[in-house]
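**Student:** Sharing a structure below in structure tokens format, with a few things to ask.
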Amino acid sequence: VPPTRESIERAIQHANERLDVHGILVFYPIENLDSGDDNGGNGSARGPYKCQSTGVYYKSMDDYFRDMVSPEKDVEGYRRKGLRMRKPEDGHDDAVFTAPEDLCPIYPCTALAVFRILESFQLSLNAKTESPQRLFEGKTMTIINRSEVLGLPLATMLSNQGASVYSIDINSILQFMPVGEVRIRREQATKTMEECVRQSSAVITGVPSQSFRVPTEWISENATLINVATESNFEEDEVAELPGVTYVPHVGRVTVAALEHNLCLLHQNYHRDKSK
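Here the sequence shown is numbered in the working numbering, starting from 112 and rising by one per residue.
What follows is the structure in structure tokens.
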């Protein structure tokens, strides 16, 4: 496919219409726009494209192509209905985030991979004790990333299973609270990343920076650490010496398995719809 907008649009639409295609995966980045040209040269931080799912304006055309993929064939889980949030940044102290209610919900592959890893560790612990009603009931976790690929859906999935989750990005700290429906609260400006990490039994990082590291002295005993970034966000030699700490340096293979899992669910949903 030639790297032009029109060619990519036609390719995605053709895949949407094909009955023998059950999942579509678009590799990013494809194309970036110069926001200065599309905003009249005013230097506005708002991009030229308004995402249908979130209402956020993006500078990248990647989100435009993502929104072209039919939700019924979205193997990455970006276009599934139900993943909606009224953000605290929009002027509200709290926000409500509801999980999908599809017969077989599709979650973003990276977030699903991390969830399954944490699930496997927790199921092993629960086998030795009385199992709680929800998998992560009473647990506190920190995710240093709030992307639609990882941090946002993962925080929602963990909260749905009883965890209290600190969601950290460069601008703010939010807390996903498991009180019936998942509610999101903006933390006070005095709340620090160090406090969040020290309170957490699991810390998940996805910071694309060679210089960022979670200080080892913040990490509690018996914590689970999962690195999703290309470069490790932990001092690997140091965390290896911490009592009871489990460190997962990468999640790539599990992410591939999550992608295959999603494709199987899309195929199952397709045939279930056809049988009605």
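All C-beta atoms in this analysis are idealised placements derived from N, C-alpha and C, irrespective of residue type, glycine included.
Between phenylalanine 226 and the rest of its own chain, which residues show a CB-CB distance below 8 angstroms, the 5 nearest in sequence each way excluded?
**Tutor:** Tyr218, Leu265, Met268 and Leu269.
**Student:** Excluding sequence positions up to five away, which residues of its chain have a Cβ less than 6 angstroms from the Cβ of glutamate 342?
**Tutor:** Counting only Cβ-Cβ distances below 6 angstroms, and skipping sequence neighbours, we find Gln321.
**Student:** Measuring alpha carbon to alpha carbon, tell me which of Asn380, Glu183, His378 and Val362 ends up nearest threonine 221.
**Tutor:** Among Asn380, Glu183, His378 and Val362, the Cα nearest to that of threonine 221 belongs to Val362.
**Student:** Examine the Cβ distances between the segment 328 to 337 and the segment 305 to 312 and report whether three or more of them are shorter than 8 angstroms.
**Tutor:** The segment 328 to 337, when compared against the segment 305 to 312, does touch it at the 8 angstroms Cβ threshold.
**Student:** Among Gly317, Pro289, Pro319 and Ile284, which has the Cα closest to the Cα of glutamate 306?
**Tutor:** Measuring from the Cα of glutamate 306, the nearest candidate turns out to be Ile284.
**Student:** Within 9 angstroms (strictly less), CB to CB, does methionine 304 reach chain D?
**Tutor:** This model lacks chain D altogether, as it is built from one protein chain only.
**Student:** Applying the criterion that 16 or more other CB atoms from any shown protein chain within 10 Å of the CB defines a buried residue, is serine 275 buried or exposed?
**Tutor:** By the neighbour-count rule (16 or more Cβ atoms within 10 Å), serine 275 is buried.
**Student:** Indicate whether threonine 316 and alanine 340 have their beta-carbon atoms separated by less than 9 angstroms.
**Tutor:** Yes; because the gap between Cβ atoms is below 9 angstroms, this pair is in contact.
**Student:** From the DSSP output, which residues share a beta bridge with serine 311?
**Tutor:** Per DSSP, none; premise fails for serine 311.
**Student:** Quick check on this structure: which residue in Glu120, Ala126, Val112 and Pro216 has the alpha carbon closest to the alpha carbon of glutamine 379?
**Tutor:** It is Pro216 whose Cα lies nearest to the Cα of glutamine 379.
**Student:** Would isoleucine 228 pass as a contact of valine 132 if the rule is Cβ separation under 9 angstroms?
**Tutor:** Not closer than 9 angstroms, so no.
**Student:** Please list, in chain order, all residues of the same chain as serine 181 whose beta carbon is under 6 angstroms from its beta carbon, the five residues on each side excluded.
**Tutor:** Counting only Cβ-Cβ distances below 6 angstroms, and skipping sequence neighbours, we find Asn127.
**Student:** Whose CA, out of Asn271, Asn282 and Gln244, lies closest to the CA of serine 388?
**Tutor:** Outside the shown range of the chain (112 to 387) lies residue 388, about which nothing can therefore be said.
**Student:** Could you name the residues of the same chain whose beta carbon sits closer than 7 angstroms to that of alanine 122, not counting the 5 residues immediately before and after it, in chain order?
**Tutor:** Excluding sequence neighbours, alanine 122 sits near Val112.
**Student:** Look at glutamine 286 and arginine 245 and say whether their C-beta atoms are less than 9 angstroms apart.
**Tutor:** Cβ distance not < 9 angstroms, so glutamine 286 and arginine 245 don't count as in contact.
**Student:** With 16 as the cutoff for other CB atoms within 10 Å, does valine 350 come out buried or exposed?
**Tutor:** Buried.
**Student:** Am I right that methionine 304 and isoleucine 279 are in contact with their C-beta atoms under 8 angstroms? What's the rounded C-beta distance?
**Tutor:** Right, their Cβ atoms sit about 6 angstroms apart.
**Student:** Please state the DSSP three-state secondary structure of valine 350.
**Tutor:** In the structure shown, valine 350 sits in a helix (DSSP, three-state: H, G or I).
**Student:** How many angstroms separate the CA atom of arginine 129 from the CA atom of leucine 136?
**Tutor:** Answer to the nearest angstrom: the Cα atoms are 14 angstroms apart.
**Student:** Does DSSP classify glutamine 286 as helix, strand or coil?
**Tutor:** Glutamine 286 falls in the strand class under three-state DSSP.
**Student:** Let me know the secondary structure DSSP gives aspartate 173 once reduced to three states.
**Tutor:** Helix.
**Student:** So valine 256 packs on glycine 249, CB below 8 angstroms; how close in whole Å?
**Tutor:** Before going further, note that residue 256 is asparagine rather than valine in the sequence given. Not confirmed; about 23 angstroms, so no contact.
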